[in-house]
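Engineer: Pasting a structure below so you can have a look.
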Amino acid sequence: MADKGSVEKYLENNPQFAKEYFDKKLRAEALSAAFSAPVDIKDTASYKDVNSLQESAIIFELVQELQKPGSMEQSLHKVLQRVALILQADRNKKFCDFVDKQTGYKTKCMLTFPLMADKECLGVVMALNKIGADAFSAEDEKLFHKYMNFAQVIALQHFTAYMFNVESRRSQVLLWSASKVFEELTDIERQFHKALYTVRTYLQCERYSVGLLDMTKEKEFYDEWPVKLGDVEPYKGPKTPDGREVNFYKIIDYLLESKEEIKVIPGPPADHWALVSGLPTYVAENGFICNMMNVAADDFFTFQRLWTTRVLSSRTSLSLPIVNKKEEIVGIATFFNRKDGKPFDEHDEQITEALTQFLGWSVLNCDTYDKLNRMEYRKDIAQEMLMYQTKCTKNEMLSILNTKEKFDADPEDCDQKDMYKLLKATCPPADNVNGENLYNFGFSDFPVTEFDLIKAGIRLFFELGVVEKFKVPAETLTRWMYTVRKGYRDITYHNWRHGFNVGHTMFCLLQTGKLRKYYSDLDAFAMVAAAFCHDIDHRGTNNLYQTKQALNIFCNLQKRQFEHVQHLFDVCIIATDLALYFKKRTMFQNIVNATEPMAEEKDAIAYISNNPTRKEIVMAMMMTGCDLSAITKPWEVQSKVALMVAAEFWEQGDLERNVLDQQPIPMMDRNCAEQLPKMQCGFIDFVCSFVYKEFSRFHKEIKPMFDGLNNNRAHWNEQAEVYNAKMKAIEDQKKKLEDDEARKSDGKSKTCTIC
Numbered sequence: 001m002a003d004k005g006s007v008e009k010y011l012e013n014n015p016q017f018a019k020e021y022f023d024k025k026l027r028a029e030a031l032s033a034a035f036s037a038p039v040d041i042k043d044t045a046s047y048k049d050v051n052s053l054q055e056s057a058i059i060f061e062l063v064q065e066l067q068k069p070g071s072m073e074q075s076l077h078k079v080l081q082r083v084a085l086i087l088q089a090d091r092n093k094k095f096c097d098f099v100d101k102q103t104g105y106k107t108k109c110m111l112t113f114p115l116m117a118d119k120e121c122l123g124v125v126m127a128l129n130k131i132g133a134d135a136f137s138a139e140d141e142k143l144f145h146k147y148m149n150f151a152q153v154i155a156l157q158h159f160t161a162y163m164f165n166v167e168s169r170r171s172q173v174l175l176w177s178a179s180k181v182f183e184e185l186t187d188i189e190r191q192f193h194k195a196l197y198t199v200r201t202y203l204q205c206e207r208y209s210v211g212l213l214d215m216t217k218e219k220e221f222y223d224e225w226p227v228k229l230g231d232v233e234p235y236k237g238p239k240t241p242d243g244r245e246v247n248f249y250k251i252i253d254y255l256l257e258s259k260e261e262i263k264v265i266p267g268p269p270a271d272h273w274a275l276v277s278g279l280p281t282y283v284a285e286n287g288f289i290c291n292m293m294n295v296a297a298d299d300f301f302t303f304q305r306l307w308t309t310r311v312l313s314s315r316t317s318l319s320l321p322i323v324n325k326k327e328e329i330v331g332i333a334t335f336f337n338r339k340d341g342k343p344f345d346e347h348d349e350q351i352t353e354a355l356t357q358f359l360g361w362s363v364l365n366c367d368t369y370d371k372l373n374r375m376e377y378r379k380d381i382a383q384e385m386l387m388y389q390t391k392c393t394k395n396e397m398l399s400i401l402n403t404k405e406k407f408d409a410d411p412e413d414c415d416q417k418d419m420y421k422l423l424k425a426t427c428p429p430a431d432n433v434n435g436e437n438l439y440n441f442g443f444s445d446f447p448v449t450e451f452d453l454i455k456a457g458i459r460l461f462f463e464l465g466v467v468e469k470f471k472v473p474a475e476t477l478t479r480w481m482y483t484v485r486k487g488y489r490d491i492t493y494h495n496w497r498h499g500f501n502v503g504h505t506m507f508c509l510l511q512t513g514k515l516r517k518y519y520s521d522l523d524a525f526a527m528v529a530a531a532f533c534h535d536i537d538h539r540g541t542n543n544l545y546q547t548k549q550a551l552n553i554f555c556n557l558q559k560r561q562f563e564h565v566q567h568l569f570d571v572c573i574i575a576t577d578l579a580l581y582f583k584k585r586t587m588f589q590n591i592v593n594a595t596e597p598m599a600e601e602k603d604a605i606a607y608i609s610n611n612p613t614r615k616e617i618v619m620a621m622m623m624t625g626c627d628l629s630a631i632t633k634p635w636e637v638q639s640k641v642a643l644m645v646a647a648e649f650w651e652q653g654d655l656e657r658n659v660l661d662q663q664p665i666p667m668m669d670r671n672c673a674e675q676l677p678k679m680q681c682g683f684i685d686f687v688c689s690f691v692y693k694e695f696s697r698f699h700k701e702i703k704p705m706f707d708g709l710n711n712n713r714a715h716w717n718e719q720a721e722v723y724n725a726k727m728k729a730i731e732d733q734k735k736k737l738e739d740d741e742a743r744k745s746d747g748k749s750k751t752c753t754i755c
């Protein structure tokens with residue numbers, strides 16, 4: 001054998017031979033051709049027959065497989081083909097007893113290798129029955145494991161790419177379906193369609209169908225008559241787990257094979273291609289997820305009927321229930337034929353299940369919207385019924401605006417100017433309403449009948465000068481005022497008289513108190529109207545008094561003016577909440593402090609009028625002053641009103657004690673009636689005093705209200721002192737009795753006796 005030195009000496013003496021050998025074996029082009037050419041082994045060869053250069057070429061080819069975008073099966077086939085050639089095995093596939101039994105093949109020996117992804121087994125590679133030997137040798141095992149490392153890398157690479165694709169699809173499905181579901185909240189069919197159509201590219205199937213189930217659990221009684229009479233057979237078909245008949249009232253088909261097509265089929269026939277197999281009905285009946293991996297071999301369902309329709313050659317099918325939050329099946333989603341020809345796997349199930357679960361939960365949006373609509377309809381009906389009962393009738397309107405007697409014509413046939421004159425003549429003059437002056441803060445409604453208060457309310461609008469300016473129809477104004485009166489309940493205090501007094505006080509603050517200079521005529525119109533409406537008992541009726549054509553005193557306003565009036569109504573009515581009053585007190589006080597030192601009236605007007613927020617704060621405080629105005633009336637009036645308010649509170653306290661079995665608070669406890677003067681003083685000091693004190697600083701014209709408040713507090717304080725003196729006398733008498741009892745006992749124990 002030649003040694004290294006002799007070979008080097010030979011090559012130095014024969015450079016031509018060295019050049020030819022290099023060109024043939026070691027030149028770059030030769031090596032590249034050797035590594036790029038596939039190895040062609042015609043006959044099976046042993047491990048020893050493969051030289052290092054051939055093995056390098058094989059390994060290089062396998063490394064190239066890692067970079068190719070082909071399927072995992074093709075890449076693994078290349079690896080297993082090499083292993084089969086080298087190990088002289090004539091068969092290379094996953095071992096299965098079933099295959100052996102079917103083919104008669106007898107497995108004598110095998111080599112196995114698991115393809116793992118972390119702790120998950122992706123598959124097992126098996127080499128069966130070595131040719132020319134009874135068992136695989138240690139060298140075979142070594143070679144097998146060496147090449148299986150390439151198979152492991154290929155499998156893991158494709159598995160990672162596949163899982164990335166799965167998670168990406170799942171994320172896109174949920175994100176897109178979420179965005180579309182919340183775009184449509186009114187109708188479940190449109191909601192499902194938007195979501196399913198948007199995610200169609202991520203589902204990777206040839207077509208899918210969504211069947212919507214009828215949610216009716218119980219039939220109407222008239223639908224059961226034919227069954228009870230024997231004219232129709234009772235239903236004996238499948239039912240959902242919650243007992244509903246399986247009835248698909250609509251199906252939406254998404255056909256994605258060549259040309260995208262969407263079909264909506266209401267009342268689908270039983271032989272519809274998505275229903276003919278019976279799979280959706282089975283899923284609706286049992287609530288299971290059914291993954292049919294080979295429908296050709298299935299004999300439970302009738303997929304053969306689907307093939308006869310020539311609509312679809314079904315190979316695989318996946319059907320899932322769509323379940324809402326109440327665990328009711330609302331629909332069935334069925335997917336047909338994965339685009340790559342493989343069966344639907346567990347990851348497809350996870351993606352579609354996530355989609356159907358999300359769709360099922362989103363049904364809650366539609367249900368909630370439907371319930372809100374139903375509640376809105378009920379409210380509208382209740383309002384219509386209320387308006388029918390409270391709306392001013394024609395005869396009631398004619399009792400004030402009697403055009404029949406005056407003009408011998410209906411109001412709609414009369415001229416507005418004539419009706420204005422008639423209405424003014426009918427209403428009492430502002431300075432003499434049963435002897436009371438409407439411009440006086442101390443106006444008392446007790447001498448005036450409720451019917452005359454309606455006329456007095458109409459007179460206030462004429463005094464404001466807004467009726468003719470804003471073209472309020474005389475008939476509409478009369479109907480509106482009469483309807484407002486009927487809207488108040490006939491209760492002890494918060495009745496029509498209270499509503500009128502609040503509206504009247506707002507009028508006095510604007511006119512007598514000189515606050516109108518900060519507001520436009522439209523503002524004044526809206527403020528007085530809102531004050532009349534502020535305590536109407538039935539929630540939501542205020543808007544009806546503004547929008548109903550026969551009652552809309554703002555009917556001739558422009559759209560922007562009407563919206564402004566509605567906003568002022570909100571401000572005024574919400575302002576009567578005392579919880580809001582305590583929040584706005586400081587803001588109002590700051591406005592008063594800012595305007596008080598202003599020498600020029602125009603500066604104060606500009607300071608408030610040019611700032612809508614300041615106008616609304618003053619307006620809100622005016623509403624509070626109007627709502628509490630009974631506390632400023634003359635003592636003869638205020639004492640009666642206080643008893644009326646207390647009586648209303650005591651009635652509520654009686655209900656709490658007798659019905660709810662609760663002890664009412666002292667203000668509502670009839671047994672604490674003697675404490676009324678003390679409670680009135682506390683109410684004046686804690687709530688009322690600030691309002692009228694600040695208003696008297698703001699405008700000296702409003703000082704009569706503050707003076708009336710202080711006068712009433714003095715009267716209540718006198719009575720409170722009488723009560724306190726009485727209670728002190730009782731306490732003194734009680735203490736004296738206790739002292740006398742103590743002296744009689746002469747220091748002896750009251751509980752122990754010494755025998």
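The opening position of the sequence shown corresponds to residue 1 in full-length UniProt numbering, with each subsequent residue numbered one higher.
No residue lacks a Cβ here, since even glycine has one placed at the ideal position from N, Cα and C.
Note that this is a predicted model, so its numbers are computed, not measured.
To the nearest angstrom, report how far apart K339 and E206 are at their CA atoms.
Structural biologist: Near 6 Å, if we compare the C-alpha coordinates of E206 and K339.
Engineer: Taking only runs of the beta strand (DSSP E) that begin and end inside the region 97-184, which ones reach a length of at least 3 residues, in chain order?
Structural biologist: For the region 97-184, whole beta strand (DSSP E) runs of length 3 or above, ordered along the chain, are 110-117 and 120-130.
Engineer: Under the rule that 16 or more other beta-carbon atoms within 10 Å means buried, what is A135, buried or exposed?
Structural biologist: Its Cβ having fewer than 16 others within 10 Å, A135 is exposed.
Engineer: Could you check if Y377 is buried or exposed, using at least 16 other CB atoms within 10 Å of its CB as the buried criterion?
Structural biologist: Flag for Y377 reads exposed.
Engineer: Work out the CA separation of C688 and G682 for me, nearest whole Å.
Structural biologist: Taking the straight line joining both Cα atoms gives about 9 Å.
Engineer: Please report the straight-line C-alpha distance between F569 and Y581, rounded to a whole angstrom.
Structural biologist: If I take the Cα positions, the gap works out to 17 Å.
Engineer: Which residues bound the alpha helix (DSSP H) around S209?
Structural biologist: Here S209 belongs to no alpha helix (DSSP H); instead the beta strand (DSSP E) covers C205 to L213.
Engineer: Going by CA-CA distance only, name the one from N590, P114, T356 and N711 that's closest to A127.
Structural biologist: Measuring from the Cα of A127, the nearest candidate turns out to be P114.
Engineer: Between M623, Q733 and S639, which has its C-alpha nearest G499's C-alpha?
Structural biologist: The shortest Cα separation from G499 among M623, Q733 and S639 belongs to M623.
Engineer: Under a three-way DSSP split, which group does C681 fall into?
Structural biologist: Looking at C681 - three-state DSSP - the assignment turns out to be helix.
Engineer: Provide the residue(s) that pair with N291 in DSSP beta bridges, ordered along the chain.
Structural biologist: Answer is L318.
Engineer: Could you please give the first and the last residue of the uninterrupted beta strand (DSSP E) stretch that includes P266?
Structural biologist: E261 to P266 is the extent of the beta strand (DSSP E) around P266.
Engineer: Let's test the definition: count the other Cβ atoms within 10 Å of the Cβ of I458 and tell me whether it reaches 16, buried, or not, exposed.
Structural biologist: Buried, because 16 or more other Cβ atoms sit within 10 Å of the Cβ of I458.
Engineer: For E694, is the classification buried or exposed, using 16 other Cβ atoms within 10 angstroms of its Cβ as the cut-off for buried?
Structural biologist: Classification of E694: buried, given that the 10 Å Cβ count is 16 or more.
Engineer: Just the Cα atoms here: how many angstroms apart are L509 and L175?
Structural biologist: If I take the Cα positions, the gap works out to 59 Å.
Engineer: Out of D345, M385, E327 and K342, which has the shortest C-alpha to C-alpha gap to F358?
Structural biologist: F358 has its Cα closest to that of E327, out of D345, M385, E327 and K342.
Engineer: Near S629, which residues of its chain fall below 6 Å by C-beta distance, leaving aside the five closest residues on each side in sequence?
Structural biologist: Correct list, in chain order: T505.
Engineer: Look up A333 in the DSSP assignment and say whether it is helix, strand or coil.
Structural biologist: Correct three-state label for A333: strand.
Engineer: Tell me which same chain residues have a C-beta within less than 7 Å of the C-beta of M644, skipping the five on either side of it?
Structural biologist: Closer than 7 Å at the Cβ level, and outside the excluded window around M644, lie T492 and Y493.
Engineer: Can at least three beta-carbon pairs, one atom from the region 555-571 and one from the region 512-524, be found at a separation below 8 Å?
Structural biologist: Yes, the region 555-571 touches the region 512-524.
Engineer: Give a yes or no on whether the C-beta atoms belonging to V528 and L464 are separated by under 8 Å.
Structural biologist: Their beta carbons are under 8 Å apart, which means V528 touches L464 by this criterion.
Engineer: Determine which residues share a DSSP beta bridge with K728 and list them.
Structural biologist: For K728, which the question treats as bridged, DSSP gives no partner whatsoever.
Engineer: Under the DSSP definition of a beta bridge, which residues are partnered with F248?
Structural biologist: Looking at the DSSP assignment, F248 forms a beta bridge with L213.
Engineer: Report yes if the CB atom of I252 is closer than 8 Å to the CB atom of S314, and no otherwise.
Structural biologist: No.
Engineer: Return helix, strand or coil for L359, following the three-state DSSP convention.
Structural biologist: Three-state result, L359: helix.
Engineer: Looking only at C-alpha atoms, which of K583, V618 and K514 sits nearest to K700?
Structural biologist: It is K514 whose Cα lies nearest to the Cα of K700.
Engineer: I want to know whether the region 221-239 touches the region 355-372 - three or more CB-CB distances under 8 Å.
Structural biologist: No, the region 221-239 is not in contact with the region 355-372.
Engineer: In terms of alpha-carbon separation, which member of K602, L212 and E596 lies closest to N264?
Structural biologist: Per the sequence shown, the amino acid found at residue 264 is Val instead of Asn. Considering only alpha carbons, the answer is L212.
Engineer: Under the three-state reduction of DSSP, which class applies to L628: helix, strand or coil?
Structural biologist: Three-state result, L628: coil.
Engineer: By how many angstroms is the C-alpha of I536 removed from the C-alpha of N542?
Structural biologist: For N542, the predicted model reports a pLDDT of 40, less than 50, meaning its position is unreliable and no value from the coordinates is stated.
Engineer: Going by the beta-carbon positions, is the gap between R697 and E596 smaller than 8 Å?
Structural biologist: The answer is yes: Cβ separation under 8 Å.
Engineer: Can you grab the Cα-Cα spacing for the pair L544 / Y518, in whole Å?
Structural biologist: Interpretation of L544 is limited by its pLDDT of 47, a score under 50 that renders its predicted location unreliable; no figure is taken from the coordinates.
Engineer: In this structure, does DSSP put K424 in helix, strand or coil?
Structural biologist: Reduced to three states, the DSSP call for K424 is helix.
Engineer: Taking C-beta to C-beta, are K391 and T483 nearer than 8 Å?
Structural biologist: Yes, these two residues count as a Cβ contact at 8 Å.
Engineer: Where N365 and N294 are concerned, what is the direct C-alpha to C-alpha distance, given to the nearest angstrom?
Structural biologist: Looking at the two C-alpha atoms, the distance is approximately 38 Å.
Engineer: Check for me: the alpha helix (DSSP H) holding I608 runs from which residue to which?
Structural biologist: E601 to S609 is the extent of the alpha helix (DSSP H) around I608.
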